[in-house]
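Undergrad: Residue numbering for the sequence shown follows the working numbering, beginning at 906 and increasing consecutively.
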Amino acid sequence: MATTTLKILREVNGHTQESIAEVLGISQNTYSRLEREPKSLSAEQAHKLSEFYNVSVVDLLSENAPHISFGQNAITNNQNANGYVHNNEIHNHNGELKALKEEIEYLRKQNSELIKALGNK
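In structure tokens:
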């Protein structure tokens, strides 16, 4: 397992060391050590983390780079700065998010108009 795999999974999923330590029932200091020395993971801890991150134990313990997916775009550790998404990818996702929010607002207005029209019949 690459030393940074646990850290990459944690950060990409927006978690703190404290929150993951709580999932495992250990202290933040102990979890910090596991990120630096992942071979210290017990079988139970590996199983909990694999379920938490929705990855197989084999993938979690693999020395290969983690495979991270954002919608239809998949990235690996070797493709972009040790697993971190490039700014332009973040910008693209923010643009997609904005468009989806606008579409939701449009559909809400359309639903309101349809409900009013049905109420007038």
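No residue lacks a Cβ here, since even glycine has one placed at the ideal position from N, Cα and C.
By the 10 Å Cβ neighbour count, where 16 or more other Cβ atoms means buried, how is Lys912 classified, buried or exposed?
TA: Start at 1 with the first residue of the sequence shown, and residue 912 comes out as number 7. Buried, since its Cβ has 16 or more Cβ neighbours within 10 Å.
Undergrad: Since Glu940 and Gln933 are thought to touch, with beta carbons under 8 Å apart, how far apart are those beta carbons, to the nearest angstrom?
TA: As a position in the sequence shown, residue 940 is number 35, starting the count at 1. As a position in the sequence shown, residue 933 is number 28, starting the count at 1. In fact, because the Cβ distance is near 11 Å, the residues do not count as touching under 8 Å.
Undergrad: So, for Ser955: in the same chain, excluding its five sequence neighbours on each side, which residues have a beta-carbon less than 7 Å away from its beta-carbon?
TA: On the sequence shown, residue 955 is found 50 positions in, with the first residue counted as 1. Only Ser961, Val962, Leu965 meet the Cβ criterion.
Undergrad: Along the chain, where does the alpha helix (DSSP H) containing Lys953 start, and where does it finish?
TA: Residue 953 sits at position 48 when you count from the first residue of the sequence shown. Note, Lys953: alpha helix (DSSP H), 948-958.
Undergrad: If you draw a straight line from the C-alpha of Leu946 to the C-alpha of Arg1013, how long is it?
TA: Looking up residue 946 in the sequence shown gives position 41. Looking up residue 1013 in the sequence shown gives position 108. Cα to Cα, the separation comes out at about 48 Å.
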